[in-house]
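A.B. asks:
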Amino acid sequence: MRAAIWAATVLAAGATARAETVNIHIDATAAVKPISRYIYGVNGALGGQHANLTFRRVGGNRWTAYNWVNNASNAGSDFIFQNDDYLGGGNVPGGATIPAIKNASAAKGALLLTIPIQGYVAADKNGDGDVRNTPNYLQVRFRQEQAAKGAAFTFNPPNTTIYQDEFVNWVKSKFPYSQTDPMRPIWFCLDNEPDLWAETHLEVHPAAPTYAEMVTKSPAYAKAIKAVAPNTLVFGPVSYGWYGFTRLQGAPDANNRDFLLYYLQKMKAASAAAHKRLLDVLDLHWYPEAQSGNNANGIRITGSETTAAVVAARLQAPRSLWDPTYQENSWITRDDIQQPIQLIPRMLKKIASGYPGTKLAFTEYNYGAGQHISGGIAQADVLGAFGRYGVFAASQWPLLAKEPFVTAAFKMYRDYDGNNGSFGNISVKATTSSVADTSVYASRDSAHANRIVVVALNKTDHAITANATLAHANALAGGTAYKLTAAAAAPKPAGALATSASGFSYVMPAYSVNTLVLTTH
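Everything in the sequence shown is counted per the numbering used here, starting at 5 for the first residue and increasing by one.
(1) What residue does the alpha helix (DSSP H) around Met512 start on, and which one ends it?
(2) If you draw a straight line from the C-alpha of Thr489 to the C-alpha of Asp287, how long is it?
(3) Please classify Ile121 as buried or exposed, where buried requires at least 16 other C-beta atoms within 10 Å of its C-beta.
(4) Between the Cα of Asn95 and those of Asn163, Arg61, Phe157, Phe85, spot the shortest distance and give me the residue it belongs to.
(5) Using only the alpha-carbon positions, how far apart do His205 and Ala277 sit?
(6) Could you give the residue range of the beta strand (DSSP E) that holds Ala4?
(7) Phe146 bridges to which residues according to DSSP?
(8) Which complete alpha helix (DSSP H) runs does the stretch 398–458 hold, if anything under 4 residues is left out?
(9) To test your reading of the DSSP string, which unbroken alpha helix (DSSP H) runs of 4 or more residues are found completely within the stretch 338–381?
(10) From the DSSP output, in three-state form, read off Ala477 for me.
(11) Have a look at His279, Thr214, Gly358 and flag the residue whose alpha-carbon is nearest the alpha-carbon of Asp257.
(12) Arg60 bridges to which residues according to DSSP?
(13) Would you list, in sequence order, the uninterrupted beta strand (DSSP E) runs of no fewer than 3 residues that lie entirely inside the stretch 233–307?
(14) Under a Cβ-count criterion, where at least 16 other Cβ atoms within 10 Å of its own Cβ denotes burial, should Pro223 be classed as buried or exposed?
(15) Please name the residue, chosen from Ser81, Phe83, Ser77, that lies closest to Leu91 on a Cα-to-Cα basis.
(16) Which whole-angstrom value describes the C-beta separation of Tyr369 and Arg318, a residue pair presumed to lie in contact below a C-beta threshold of 8 angstroms?
(17) Do the CB positions of Met218 and Leu252 come within less than 8 angstroms of each other?
(18) Can Val73 and Pro161 be called in contact, C-beta distance under 8 angstroms?
(19) From Ala365 to Gln53, what does the alpha carbon distance come to, in whole angstroms?
(20) Given a cut-off of 8 angstroms, decide if Thr58 and Gly93 are closer than it, judged by their beta-carbon atoms.
(21) Is the beta carbon of Ile119 less than 8 angstroms from the beta carbon of Ile229?
(22) On a CA-only basis, which of Tyr393, Val511, Phe508, Val172 is nearest Tyr445? Give me that one, please.
(23) Could you give the DSSP three-state label for Pro161: helix, strand or coil?
(24) What residue range does the beta strand (DSSP E) around Val517 cover?
(25) For Lys354, collect the residues of the same chain with a Cβ closer than 7 angstroms to its Cβ; drop the 5 residues on either side in sequence, then sort them by chain order.
(26) Nearest to Gly302 by alpha carbon, out of Val511, Val457, Ala316?
(27) Within the same chain, show all residues whose beta-carbon is closer than 6 angstroms to that of Ser437, passing over the 5 residues directly before and after it, in chain order.
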């Protein structure tokens, strides 16, 4: 039986068993923890469709061989391994990064810039196809790059050997606020997806990267960065996905060792030797591997597919970030760990074991279907999980030029009322009687003591009545609802809540994200 038909049959057969009513409990005095402002980020410009977001990353394959002196880069496998001027910036040193720096600053957002560490950067912007067709191309078409110059810095260095600490000095000197303003910091990540260099950038790194290489280069570049900008944060290893997390994509020296745990342990040891922290943030990418249907006919949820089976799988997939009771249909759970992924708790456990105090970031992720309500619901679920479980920074990677339902999902946290109304900055306990059909996240706001903001999701094709109780020092005074549904890719007012002193009732529309703004006496 084909997967979509099978899934639709299962959904139809189970429809009568789906929840019509759920019980939600919010305890504003329990599970209290800060929500990082930097989880509301994107790999793209802030403002416009990404208004009121707080974090921007400048990364991806194009930045692995970026030459900051002349703004040349190599496309790698994304486009025939060509050197060109795709990133712009002219011949002004650092020019390709200036628009992003100014954009993040104007939006009062943090910015993450990429530091190449693999050894070579593009020398020219010729745009003449595969650089490997040039004899001795590494010497002719590239420049060696190194972590530290060991000499006086200049703002206009020659296009010979390229020094990354000199680039950090350029950023720090040209934009001094970046090291002092907590609203507009500039941080640095150690390259991009090194586990895939032998595939995406075989023109400069044809051999598979090794554990030894990563734990030699990473401390060296981190020390060079911190020597210039001691107050900045260093992100690494910017790993692409699960097999990278566990074995550095089959590194020849893996020896059955967990790569991220090994990396954290070695960065801790290097930091102790350097008498300074060299890794501030464990930086990972996450494109869910979950499939719909069975092994033969399953479809990855990260595309634009919106059949019933794919939608159902997409709406459940965020549970793999945290839920110890949910085992997704993927090669990870089926062929590798045979248990729920629980990605965030799993990574935090590695951090606690390998290098305590390191923060966690997901600087690329996407759950697909940005033009469909299922993509919006999944995005809202992910943002809630990032806040509840202590992720420090996150930046969604758009797979399409316009992803209106993803944009709207961000707004349900950051601009639900069209007046910058936002989810609070303190996470509190919120539970639902049906995690399969609904999700709920709750927050307090340090600037508004009498305000509680709840985001509740209906992941089903029918309305669900949410009966909520509230534990709070003060009685509930009232509330207002906003909704995101398939009818429009934008938050819409949904009227006043039916409240009592200790709770409320609200009918969540089918397939919806609901932001509920509560006020207390």
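Glycine is no exception: its CB is placed at the ideal position from the N, C-alpha and C atoms.
Being a predicted model, the structure only gives us computed values, none of them experimental.
C.D. replies: Let's see:
(1) No alpha helix (DSSP H) holds Met512; the beta strand (DSSP E) holding it covers 507–512.
(2) Going from the Cα of Thr489 to the Cα of Asp287 covers about 32 angstroms.
(3) By the 10 Å Cβ count, Ile121 comes out buried.
(4) With distances taken between Cα atoms, Asn95 lies closest to Asn163.
(5) Answer to the nearest angstrom: the Cα atoms are 32 angstroms apart.
(6) The chain is shown only over 5 to 525; residue 4 falls outside these bounds and no answer can be derived.
(7) For Phe146, which the question treats as bridged, DSSP gives the partners Ala126.
(8) Runs of the alpha helix (DSSP H) lying entirely within the stretch 398–458, each at least 4 residues long, are 408–418 in chain order.
(9) Positions of the alpha helix (DSSP H) runs, each at least 4 residues long and wholly inside the stretch 338–381, are given as 347–358 in order along the chain.
(10) Ala477 falls in the coil class under three-state DSSP.
(11) The option with the nearest alpha carbon to Asp257 is Thr214.
(12) Residue pairing from DSSP places Arg60 in a beta bridge opposite Val46, Leu115.
(13) Taking only runs of at least 3 residues, the beta strand (DSSP E) segments lying wholly in the stretch 233–307 are 238–243, 285–290.
(14) Residue environment analysis places Pro223 among the buried positions, since at least 16 neighbouring C-beta atoms fall within 10 angstroms of its C-beta.
(15) For the residues Ser81, Phe83, Ser77, the minimum Cα distance to Leu91 belongs to Ser77.
(16) The Cβ separation is near 13 angstroms, so there is no contact.
(17) If you check the CB distance, Met218 and Leu252 come in under 8 angstroms.
(18) The answer is yes: Cβ separation under 8 angstroms.
(19) Distance between the alpha carbons of Ala365 and Gln53: 23 angstroms.
(20) Contact: no.
(21) Cβ atoms of Ile119 and Ile229: closer than 8 angstroms.
(22) Nearest of Tyr393, Val511, Phe508, Val172 to Tyr445, Cα basis: Tyr393.
(23) DSSP places Pro161 in coil when its eight states are reduced to three.
(24) Boundaries of the beta strand (DSSP E) around Val517: 516–524.
(25) Taken in chain order, the residues that qualify are Leu264, Leu265, Leu268.
(26) Considering only Val511, Val457, Ala316, the residue with the shortest C-alpha distance to Gly302 is Ala316.
(27) Correct list, in chain order: Val26, Asn27.
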